[in-house]
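Asks: The structure follows.
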Amino acid sequence: MEENEMSVRRRRSIFDLLREYVEEIETLTDEMVERLMEKPSWDVRSQSLEPLCDVYVSRDKVIVTADLPKADPKSIRISPIRDDLIEITADIRVKINFEDLGVSHRRGEFTCFCCRVPLPVPVEVSGAKARFVRGILEITFPRKKGYEIKVE
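Start counting at 1 in the sequence shown, then tack on 1082, and there's your number in this note's numbering.
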């Protein structure tokens, strides 16, 4: 009986264990490299910050929100690049330094917001509406109407 149990309960090889550890380390390393390769949310040369943005898609519209604290409402520009890409820019009323953001190992100041927001579906740019309330820009686009294929 003992011999039978031993043959069923085979121990894993040390090489199998090492292979699993190496694969796990490679996966973690790949994830860390991806995080490091993400672009920063600022550009010191153009003195611009990239605002936090969110895109919500419903059946008939696309809503883009951008967090633009301390932005001058009169300077906000929304430029359609394509049917599926917009650019948002705005001047900041008060210059923001790295220290204001809690970053002490860098120097520089920012005077504007700038970002390009990809839209997951084509939109009707001409029907867009935008409003700016308490530092939040909300842009509503109607979705482009396609055509319906009738099923026989």
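In this text, a Cβ means the ideal position worked out from N, Cα and C, and glycines have one as well.
Whole angstroms is fine: what's the gap from residue 1135's alpha carbon to residue 1101's?
Replies: Taking the straight line from one Cα to the other gives about 41 Å.
Asks: Take residue 1137 as the anchor and find which of 1231, 1222, 1228 and 1227 has the nearest alpha-carbon.
Replies: Residue 1137 has its Cα closest to that of 1222, out of 1231, 1222, 1228 and 1227.
Asks: So what's residue 1231 in DSSP terms, helix, strand or just coil?
Replies: It is coil, neither helix nor strand.
Asks: Could you compute how far the alpha carbon of residue 1162 sits from the alpha carbon of residue 1142?
Replies: Whole-angstrom Cα-Cα distance: 19 Å.
Asks: Considering only the alpha carbon of each residue, which of 1183, 1209, 1179 and 1198 lies closest to residue 1190?
Replies: For the residues 1183, 1209, 1179 and 1198, the minimum Cα distance to residue 1190 belongs to 1179.
Asks: Less than 8 Å between the CB atoms is what I'm expecting for residue 1124 and residue 1195, so what's the real figure, rounded?
Replies: Their Cβ separation, rounded to whole angstroms, is 10 Å, which puts residue 1124 and residue 1195 out of contact at 8 Å.
Asks: Would you mind stating whether residue 1231 and residue 1199 have Cβ atoms separated by less than 8 Å?
Replies: No; because the gap between Cβ atoms is not below 8 Å, this pair is not in contact.
Asks: Secondary structure at residue 1132, three-state DSSP: helix, strand or coil?
Replies: The answer is coil: DSSP assigns residue 1132 none of H, G, I, E or B.
Asks: Does DSSP put residue 1156 in a helix, a strand or coil?
Replies: It is helical.
Asks: Counting only the same chain and skipping the five closest in sequence on each side, list residues whose C-beta sits under 6 Å from that of residue 1188.
Replies: The answer, listed in chain order, is 1180.
Asks: Decide if residue 1145 is buried, meaning its Cβ has at least 16 other Cβ atoms within 10 Å, or exposed.
Replies: Residue 1145 comes out exposed.
Asks: State buried or exposed for residue 1130, treating a residue as buried only when at least 16 other CB atoms are found within 10 Å of its CB.
Replies: By the neighbour-count rule (16 or more Cβ atoms within 10 Å), residue 1130 is buried.
Asks: For residue 1172, tell me which candidate among 1214, 1097, 1203 and 1094 has the shortest Cα-Cα distance.
Replies: For the residues 1214, 1097, 1203 and 1094, the minimum Cα distance to residue 1172 belongs to 1214.
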